[in-house]
Every structure is written in C-alpha cells, then in structure tokens.
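In my numbering, the protein residues as written are 312 to 663.
Just so you know, even glycine gets a beta-carbon here, dropped at the ideal spot from N, CA and C.
This is the structure we're talking about:
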C-alpha cells in the first residue's frame with residue numbers, strides 16, 4: 312500500500328542500492344510517513360491501517376535487501392540464489408524480515424531482523440550453527456557443508472555493514488569477535504582496611520588504600536566488634552577510601568577503630584583465571600598489556616586476542632585486530648577459545 316507516484320519512493324525503488332543505503336533511505340522515508348500518519352486525526356489511532364503501512368514498507372525493504380544480496384560479490388551467489396526473504400508486521404511498530412534458506416528438503420530459517428525499519432533493529436539467530444556443531448570434534452555436526460558455512464558468515468557480515476547486529480554473544484557464534492561483551496562473575500571477597508587509635512573525642516578520619524579496586528561495602532568497628540559506621544560519612548577516589556566523623560564519643564577514646572572496605576579487585580575474575588589455565592594448556596601464554604584491565608593472547612596466526620575486564624559492569628570484552636573475523640572462525644582454528652567460552656558464559660544457548 313505504497314504511493315509510487317511519490318518521487319522519493321520512485322527513486323528508492325528504481326535505484327541500485329547497497330544494503331546499508333537501502334536501510335538508511337527507506338528507514339528515513341518510512342519515519343517521515345509514519346510520523347505524518349500518527350499525528351493525523353483519522354489515521355493516528357487506526358492500528359490496522361498503521362500495521363499495514365508498516366508491512367508495505369517492510370516488504371519493500373526486504374525486496375531491496377534481496378536485490379542488494381544478489382548484487383554483492385562478498386556473498387557466494389550459488390548460496391544467495393537459495394535464500395528468500397519473508398516478512399511480517401504484527402503491530403503498528405513491530406515487523407520482521409526472515410532470511411530463509413531453501414534446499415530439496417524444505418526451508419530453514421537462518422536469522423531474523425527484528426524491527427528492521429527501527430534504529431533499535433537487531434538480529435536473532437534461528438537456524439545458525441552453534442559452537443558445538445562447528446567444532447572439529449562435533450558429536451552432531453552442523454547440517455551445512457563448509458562452503459555454506461562460509462556463505463552464511465558472509466551474509467551476517469553483509470548485514471553488519473548496515474548496522475544489523477545480534478544483541479549478545481549468546482545469540483550465535485556467527486558474529487565478530489571484536490567488541491563482543493558478556494557478563495561474568497567477579498570475586499568480591501577481598502577486604503582492605505585501615506586502623507587508628509582514638510586519641511580524643513570528636514574528630515577522626517580513617518583511610519584504606521584502594522589501588523584502583525571498586526568499593527562495594529564497608530564497616531567501621533571497634534575492638535569489641537561494634538559498628539560505628541553511622542557516626543560518619545565516606546568518600547573515595549581511585550586510590551583511597553576514607554571515613555570521617557566529628558562526633559566520636561568519649562567512650563571510644565583509647566580504643567582502636569578499624570575501617571574495613573570490601574572491594575572488587577580489577578583483575579579478580581574467575582573467567583580470566585580459567586582462560587589463563589586453558590590457554591596455558593594449549594601452549595599460549597596470556598600476558599597483561601599496558602592498558603589497565605586488558606590481557607593479551609598472542610595466537611599462532613600472529614594475531615592477538617585481547618580480553619578486557621570491567622569489574623564495575625561485571626563484564627568481559629573481547630578484542631581482535633580484524634573487525635570482520637567471526638567467533639566461529641576463531642574457535643574452529645583454536646578450539647580452546649570455545650572451551651573457555653563454554654565454561655564461563657552465563658547463558659550458553661549459542662554454544663551448545
């Protein structure tokens with residue numbers, strides 16, 4: 312339900328657009344049209360019409376994507392010829408484009424673009440291979456042959472050029488290694504402390520060295536274990552945690568007050584320890600780099616895999632020099648990386 316007398320729409324339809332160009336131009340055209348409809352007193356609350364309008368634009372976007380796919384040399388064309396795109400719009404602001412792969416046995420859904428005309432669009436993996444399937448020792452190998460795996464990887468790379476990415480590392484192994492971030496657990500049991508004997512009632516300041524660690528909680532206790540935390544206030548920077556009070560009572564004079572700060576140390580991540588052990592067992596020595604919180608694994612291919620820990624966010628981020636190399640490509644060559652991820656990922660959907 313599109314007006315092809317619209318000059319801008321005609322230009323989109325008749326132009327040979329790359330996949331990123333198709334997304335950018337059609338998203339802008341749709342946004343302008345949708346805004347006009349939503350503010351119209353007749354159409355603004357007509358959900359059935361607005362959903363149909365979205366469906367029309369989603370269909371056109373899928374057609375332009377297919378056109379771009381068939382014209383792109385980065386994707387093997389014998390594979391592209393078997394890919395077909397289905398669309399669906401279920402609400403005025405919810406639509407999908409589904410990438411299907413056809414064989415003599417039927418259709419396999421490879422992946423889906425959720426809300427492709429939105430700035431918040433994302434990919435979801437449907438029939439993409441898991442890590443367990445692409446490993447050399449796979450008990451149940453992927454149904455795709457080696458050439459098809461390469462082609463699927465090329466497809467996901469092409470979609471990435473238009474800004475379509477998977478939401479997390481848990482979705483699939485067919486996404487770039489560089490900048491992959493996932494949650495992990497940190498050991499928060501380390502306690503740093505500082506003590507002082509109360510000389511007079513009134514003012515006192517206690518300090519404990521942080522040395523870059525993140526403070527989680529603290530207590531101020533006397534010799535008998537009573538907590539006087541509420542008598543003062545705290546402040547800290549990257550190096551020092553301090554607690555000050557101006558209301559120390561006479562009863563504490565001569566007693567020792569101890570400030571005990573529970574911290575999460577920057578490098579106190581069990582996932583990092585696991586990687587060190589697994590890499591060492593594969594004759595690869597993990598080294599701390601000059602960047603705080605970053606560790607480097609020099610691989611036999613003369614490239615370096617980096618692991619950056621962020622204890623404030625409870626995350627680990629991977630880094631790799633080639634931004635297009637996907638996780639599945641790396642773990643096929645170096646299975647120990649897959650072994651590590653299988654051990655430490657909190658959600659292992661893509662790795663089983």
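Through-space distance from residue j to residue i, alpha-carbon basis
i: residue 566; j: residue 581; result: 39 Å
i: residue 324; j: residue 312; result: 14 Å
i: residue 597; j: residue 652; result: 16 Å
i: residue 569; j: residue 539; result: 10 Å
i: residue 588; j: residue 434; result: 34 Å
i: residue 656; j: residue 647; result: 14 Å
i: residue 388; j: residue 377; result: 12 Å
i: residue 258; j: residue 451; result: Past the edges of the chain, shown from 312 to 663, lies residue 258, and the structure says nothing about it.
i: residue 613; j: residue 605; result: 18 Å
i: residue 626; j: residue 635; result: 22 Å
i: residue 364; j: residue 466; result: 28 Å
i: residue 477; j: residue 344; result: 28 Å
i: residue 362; j: residue 321; result: 22 Å
i: residue 441; j: residue 631; result: 21 Å
i: residue 650; j: residue 602; result: 26 Å
i: residue 355; j: residue 487; result: 40 Å
i: residue 358; j: residue 315; result: 23 Å
i: residue 493; j: residue 366; result: 34 Å
i: residue 444; j: residue 654; result: 16 Å
i: residue 562; j: residue 622; result: 40 Å
i: residue 620; j: residue 497; result: 10 Å
Simplified DSSP assignment, three categories, for residue i
i: residue 627; result: strand
i: residue 367; result: helix
i: residue 567; result: strand
i: residue 480; result: coil
i: residue 340; result: helix
i: residue 329; result: coil
i: residue 378; result: helix
i: residue 350; result: coil
i: residue 384; result: coil
i: residue 493; result: strand
i: residue 650; result: helix
i: residue 599; result: strand
i: residue 467; result: helix
i: residue 582; result: helix
i: residue 605; result: strand
i: residue 575; result: strand
i: residue 394; result: strand
i: residue 504; result: strand
i: residue 509; result: coil
Residue i vs residue j beta-carbon contact at 8 Å
i: residue 687; j: residue 483; result: Beyond the ends of the chain as shown, which are 312 and 663, falls residue 687; an answer cannot be given.
i: residue 394; j: residue 371; result: no
i: residue 438; j: residue 409; result: no
i: residue 617; j: residue 607; result: yes
i: residue 375; j: residue 422; result: no
i: residue 629; j: residue 491; result: yes
i: residue 557; j: residue 513; result: yes
i: residue 555; j: residue 543; result: yes
Sheet register partners of residue i (DSSP bridge)
i: residue 538; result: 532
i: residue 637; result: 487
i: residue 546; result: 553
i: residue 399; result: 407
i: residue 434; result: 424 and 477
i: residue 644; result: For residue 644, which the question treats as bridged, DSSP gives no partner whatsoever.
i: residue 413; result: 418
i: residue 323; result: Partner(s): none; residue 323 has no beta bridge.
i: residue 519; result: 552
Interface flag, residue i vs chain D, CB-CB below 8 Å
i: residue 496; result: Protein chain content of the structure displayed is limited to a single chain, and chain D is not contained in it.
| Would the segment 556-575 and the segment 524-539 be scored as touching if the rule is three or more Cβ pairs under 8 Å? | yes
| the segment 533-553 contacting the segment 507-520, beta-carbon criterion three pairs below 8 Å | yes
| Counting pairs of Cβ atoms below 8 Å between the segment 420-427 and the segment 392-406, do you hit three or more? | yes
| message | Quick test of the definition: if touching needs 3 or more C-beta pairs under 8 Å, does the segment 439-457 touch the segment 374-393? | response | no
| field | Cβ contact check for the segment 461-481 and the segment 585-597: 3 or more pairs under 8 Å | value | no
| request: Examine the Cβ distances between the segment 471-481 and the segment 317-337 and report whether three or more of them are shorter than 8 Å. | output: yes
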